[in-house]
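See structure below.
Protein chains in written order, with the working numbering: chain P, 21 to 188; chain E, 121 to 613; chain F, 198 to 830; chain D, 92 to 564; chain W, 6 to 131.
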């Protein structure tokens, strides 16, 4: 019962702020709405019982990425400056396509998802299990991606620095 | 080491040699010796072939080399010759020799010119000895680039347009041919791309239709059959002399030869069923080319349309499907190849002196350049089918064959095609009369020098070949005839 | 009789040698070689004739010999072209005619053509012509005949166009070649059809009269005429083209642009009678299987004879007059063949035609050579530049007169005998036809004497330098031919040449003969009155028939009609539109592929706006579309 | 926890070693020794290439997350060769004033993307696959923006990263749906579970457009010309050859391995995509004036031809595809080599600037012409063979009309390739490109390409080696 | 009515609800991507897109396939990937800002198909 209420509140937050994030006229507001959406998403993970994901979501997204955004906004925007509004035509086309896309995928998914689902109660996933899964080399264990993504991260850091570095 | 490979190796070696040549003398030496060697090899091959036949070798193809090339697609490097290929090789080597001599003094980038020319000839030689669909197509396509460059760089007039047109249309032809080839290979169910092997398999008739149309039209484009001929006038007229000679002497024959070796030989049932369409086109082509030639004023255009007319006759003969007509078709191939080469050679010689090809700008040239004039006249007379020259033999054989078919369609078409005999005379004599006879009105024309030694040699070789075929046709017709039997058997199955 | 092969080989060799040396030898050497070779050929021909006619009729019927035959080209097992030599009465007769006239012309030309540029070339062409003509007459099969037929055509082309710097000569040579070629097309089609149904080219088989040979054509007809009639008519068209029968006669007068000895050889004595020879050669086939065509030949012959005789009366160029007279005389020969039957007395027409061919060759060659001599003297062809030449050119005058008398049919000159046989044959066939023929014979006498008087009598033309008689080398042939003309009539021709090979005794039909001689005499008399002295009679007559005369002078506007057909119809209405069609439609279609591609390329460039959101839009839209398509379809 | 099993991934490990050595070298070496940085990099990478060109036995590790099949060695070798040639070609550019202090990053980023492609190729799990594909594309954006002070390069980088992220967003959405219906992301398990229900089809389409984006097929190609034009030329060639090649191969393996049950559907999709890709790209290519845009459209159309091998879905198709990739790589890199050297030395990039190139730079234009002919599929150059095989492969499986359309399109493609040839050989120019003296490494790269173009076709051993492995999935 | 509400507030929260939420987020992101003018706004939209996918994975894992943790880890790694993307994208945006002095997406149109008057189209047929 409480779960339901929480879920609905979170859903509402996500839905409303998602839309607001992409319609707001000010960048900083958009970023703030995005933050709300991300945090609400983290809340959903909590409902699902994925505390670890909740933590990561909050830390990486709401913490790391948002900071990046704020920096970028501050770097590129004059304070309080509004961005040029998009043309009506472009908006209309974008709305038509995204609504059509949403209905299309929603229809396909909802009508075909097939399996009736019951949330099986599950004991909290402990960090040990998560750690074992992350560090294992067997099936359903993820050491390999973990190692590989390190290359990605390193490459992105190097690349980002190279691009963002000022002319020496 | 198979004897036939010489025909591909010599041009290749010529290319390599030319690549390292660094002065005019070396270039000429390499090309001349190469082309002489080719000519000698072709003559040698003819004798070897006759010898093999004389000692009773009745194999369909002789001197076969069969090297698996791409086993996954059953592609073999498979070469071999029958009488038809032998004479086509002979023809090609004669024309190559003559062309090399004609372009003896070419002044811009001679090295590149001959490199591309060698590649061009390698393609033709390779085509005529190939027995594998893939190698056949390989060599067919190989000549595309050299043609484009030779016309585009060394040509005259609206050369770029012509080069593009030629390249694209010939590519169009090749594309259809390739489609046909793929179809033949996959639908026959044969585990081979060997022509002889494929001939033993029967493809369902409804599929044959598509494949036949595709491959025949494809080869028809290359062989300049109406209405796919429009690259010919532009291409030939813009090309430098020796390339014009090669184009109409050999390249157009690739189309006809291919149509015979691939479309008709491998798809006999469809060929029978659909022959009438192409027969009409071919007969019309004969008539049409001749009449169009009548209205032209540019020497090369005249000869180009004449070629269309004569090559139309060739396709016409193939589609009659009897031994005599097909023999005639091959005779016409050689004959037309030689005659048109002679024509283009002399036109080139005239052009190099007058710098115009418009017949209205010239007259009375016989007086100042009698050798070239006589050669031109000989080409003309041979072209209009004077007995003693090759054209006569070829046309007569075709028509005798054509008259063997009694139904109305054949009769009417044969009569239409036969009118070209007269029209040919009209346009040839018109040109000869305008260009060579009469009195010279242009003062500059009085200073022309007659043919140089290389021009003379080139012309004489061609004339000897034309007259030789014209006076001793049996030698060649027997060689063709010997080799036709398998095809006819296949055709009549 | 293997040596007969030499008759062909020697001129060919001469041609090749003379053609190759071009102008590196002295003119005289070339002429001597040509003439010597021709002399040898003539001797061989006479020897052949002598030995053939003396030995080859053991049973009273002449046998055929084929001393030489080789397969030259094989079309199929049954159809092959052989090159061979057929010796039978008419071929032997022709050998004699051709070699004699050719030899005379060779000798004559030594001086006549002296100093011309291209003398060697001239002799080379003469040799080529002799070779081709001899090959034609000895042909063993119809295809061999066609081959040489074409070769004589081309040598005629080359010789007419000998003075290639003269536009008229070039035009004339072209015209001659194209018209004969046009006719040859029908000939060729005839040959193809004939050979298809009979499975042979051989004269021997064709002429055997064996109906089984033609069994293939039985019951086949087209437009109401039997197939054999069609075939033989087509073949005849070929002959008509060469022999300048109406309406394909127009090339012959123009052909007079060639050197005069050439006209004598080709366009009077030998090549132009090839058509007659062709019909004679295939006579049994015509007679047995295409009698309608044979009759048609007679009618065409007589029409042509009349038609050209009328024109001949009005021409002023002496060579043209002779040319029309030639056409007319060939018409006579055609009539002879056309009315002939088979064997014995029925075969009279055939025999007469051949006889006339023989005599005509001699006296017409004589006339031309004489005319050449005159032209040599006055350097003009026009009659009004001549007159009163008899004192300057006595030998020419006498020989020319002899020839005129011969052609006019005055006994005892050879023309009388041969023409008379034709007349009687025609009378037997159809009296009206015969009467008309006599009238034409009268016309012939009239215009020939008009010519004769115009050249040698009438008012003297003021020449810049005094004309002088031709050198001996030119006179010898004249004298020789005059002698032949005088005496040839007494040859018992029927003994040698008949269509069944059997002996036929010629007898003069007195009624016909007297009537024709009378007509001729009257005609000569009229001519004498009108043209011997300069007077106004002819002008008056001309002015009273001015319209008709104008039409005739313009040769009934046939040339103009041809010009109209070729220039207006073939060039403007067929050729030019086709060329236009080619450049615009066919070429345009091909180019339009390129244009359409370019155009499309230009039209669609809007897709690539450079705006990344639009890219994403297309991206997503395509994704959804593909998904929808794949799911719902 | 059998960590030593990871040692089997010798290709990736050896590449990592190269990357790490170079990184350390770049960071810690002094100014003097850095002069040898580029030669060292090339030598190290060549050693890596040579060490890893022999196929060995197939294996899988990490519970099937990483697959190795012998065919992968060939594909990776092709990618290695391509990268090596690009390294050789980029020497002069990298030594330029602007880029010399960033060359370490250039090598590091290029090799990282290459590493990403390795992972993508070997992946047996969608997670690894996605990480691989992202590793191949995110650093790529920084490479595209490498000439960061030029407007075009910066703009191209932005366009690339935006499009790429958008595409990967859709792709991930698709994967999430696949997961939703099957419950697994292992390729081996998936193949039996996907049967083409609507949701799976939708997931499939969303997923696969991400790959189409990387291969730049119409209509997912719109970024291609812009990015190709803006990126540094050597990066453009890297994009068009290495990045595209790996994606096509992966597409094929995924289609067969994972979506094998949906063959009818994906063949239908490919059918349409191939036709519009080839046709539209050809239509665009004929009007291009900028050489790099031109090559972009040419490579889109070539991608269409590559998919002919994919659509056949057969072993022949696979070997033809790999062979085509090889030939395409050599031909394209030869062209890009010439284009890059000319752009680098003279700044000229328009086709019009190539007028009369032959008169001043005969060797360069000759190489370029040969490569263009090879791309157009003219014998005796290798492109002819690869085209023939790929057409055969598609024809064999019954795509007759498709093959015919593709064949007809080769005429158009011949036309625009000949346009360049015309510019170089026929046209005249008042200010032709001056005679260029190319550096040794460029020469080597062009010689390698030319020799390959001339010989790969005639000597069938190359194809036979590839075909020997058959499907190789 | 009450029944409906009680259904809404009892039992397990239906899977579809999560899907709907995630779809809304996803397509808002799409809308933002397609329509916003600022590059940073577009990046924000991308974050929405990626985030919605994380939800999908987590929900599917939890509801349908709780046996192992495929979705969980996928979401985890996706977060990492999106962090990378954002980092690089922001670097590039800053670079754009340096070059163009703004971050408007519409100013990025130097690279595009040249218009007809910029290129001269040479017809094949002269």
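Ideal Cβ positions, reconstructed from N, Cα and C, are used throughout, including at glycine. Since we're looking at a predicted model, the values are computed, not measured.
Query raised in the report: For the alpha helix (DSSP H) that contains residue 216 of chain E, what are its first and last residues?
Result: 203-222 is the extent of the alpha helix (DSSP H) around residue 216 of chain E.
Requested in this report: Answer yes or no: does any C-beta atom of chain W fall closer than 8 angstroms to that of residue 814 of chain F?
Outcome: yes
Requested in this report: Give me the Cα-Cα distance between residue 128 of chain W and residue 37 of chain W, rounded to the nearest whole angstrom.
Outcome: In this predicted model, residue 128 of chain W has a pLDDT of only 39, less than 50, meaning its place in the structure is not dependable enough to derive any value.
Query raised in the report: Does DSSP put residue 142 of chain E in a helix, in a strand, or in coil?
Result: coil
Query raised in the report: Would a check of beta-carbon distances place residue 818 of chain F closer than 8 angstroms to chain P?
Result: yes
Query raised in the report: To which residues of the same chain is residue 370 of chain D closer than 7 angstroms at the C-beta, ignoring the five residues directly before and after it?
Result: Only 500 meet the Cβ criterion.
Query - residue 65 of chain W and residue 271 of chain D closer than 8 angstroms at C-beta - result: A contact, by the Cβ cut-off of 8 angstroms.
Query - Residue range of the beta strand (DSSP E) that includes residue 266 of chain F - result: 262-271
Query raised in the report: CB residue 378 of chain E to CB residue 260 of chain E, shorter than 8 angstroms?
Result: yes
Requested in this report: Using three-state DSSP, classify residue 179 of chain D as helix, strand or coil.
Outcome: helix
Query raised in the report: Ends of the beta strand (DSSP E) at residue 94 of chain D?
Result: Premise fails: residue 94 of chain D is in no beta strand (DSSP E) and is neither H nor E.
**Report entry** Residue from D/394, D/373 and D/560 with nearest C-alpha to residue 791 of chain F
**Finding:** D/373
**Report entry** Whole alpha helix (DSSP H) elements within the stretch 329-380 of chain D, 4-residue minimum
**Finding:** The alpha helix (DSSP H) runs lying completely inside the stretch 329-380 of chain D and spanning 4 residues or more are 335-348 and 354-376, given in chain order.
Query raised in the report: When the Cβ atoms of the stretch 239-253 of chain E are set against those of the stretch 302-320 of chain E, are three or more pairs found closer than 8 angstroms?
Result: yes
Query raised in the report: Between F/656, F/452, F/478 and F/502, which lies nearest to residue 836 of chain F when the distance is taken from Cα to Cα?
Result: Coverage of chain F is limited to positions 198 through 830, which leaves residue 836 of chain F absent and any answer about it impossible.
Query raised in the report: So, does the CB of residue 17 of chain W fall closer than 8 angstroms to a CB anywhere in chain D?
Result: no
Query raised in the report: Which term fits residue 591 of chain E, buried or exposed, when burial requires 16 or more other beta carbons within 10 angstroms of its beta carbon?
Result: exposed
Query raised in the report: What did DSSP end up calling residue 182 of chain E once you bin it into helix, strand or coil?
Result: strand
Requested in this report: Leaving aside the five residues before and after residue 67 of chain P along the sequence, list all residues of the same chain whose C-beta is less than 7 angstroms from its C-beta, in chain order.
Outcome: 23, 26 and 27
Report task. Work out the CA separation of residue 745 of chain F and residue 754 of chain F for me, nearest whole Å. Result -> 12 angstroms
**Report entry** Bridge partners - residue 149 of chain P, DSSP secondary structure assignment
**Finding:** Per DSSP, none; premise fails for residue 149 of chain P.
Requested in this report: Starting from residue 150 of chain D, follow the beta strand (DSSP E) in both directions and report where the run begins and ends.
Outcome: Under the DSSP assignment, residue 150 of chain D falls in the beta strand (DSSP E) whose first and last residues are 150-152.
Query raised in the report: To which residues of the same chain is residue 575 of chain E closer than 6 angstroms at the C-beta, ignoring the five residues directly before and after it?
Result: 469
Query raised in the report: Would you call the stretch 202-213 of chain D and the stretch 167-176 of chain D touching, i.e. three or more CB-CB distances under 8 angstroms?
Result: The stretch 202-213 of chain D, when compared against the stretch 167-176 of chain D, does touch it at the 8 angstroms Cβ threshold.
Query raised in the report: For residue 40 of chain P, which residues in chain D fall below 7 angstroms Cβ to Cβ?
Result: Within 7 angstroms Cβ-Cβ: nothing; residue 40 of chain P doesn't reach chain D, min ~20 angstroms.
Report task. Starting from residue 23 of chain W, trace the beta strand (DSSP E) both ways and give me its first and last residue. Result -> Run containing residue 23 of chain W: none in the beta strand (DSSP E); it sits in the alpha helix (DSSP H), 20-40.
Query raised in the report: Using the C-alpha atoms, what's the distance from residue 467 of chain E back to residue 361 of chain E?
Result: 8 angstroms
Report task. Name the residue from E/577, E/582, E/339 and E/309 whose alpha carbon lies nearest to the alpha carbon of residue 300 of chain E. Result -> E/339
Query raised in the report: What does residue 282 of chain F pair with, by DSSP beta-bridge criteria?
Result: F/265
Query raised in the report: Quick one: is residue 420 of chain F buried, meaning 16 or more other Cβ sit within 10 Å of its Cβ, or exposed?
Result: exposed
Query - Integer Cβ distance of residue 222 of chain D from residue 172 of chain P, believed to fall under 8 angstroms - result: For a cut-off of 8 angstroms, the C-beta gap from residue 222 of chain D to residue 172 of chain P is around 6 angstroms, short enough to register as a contact.
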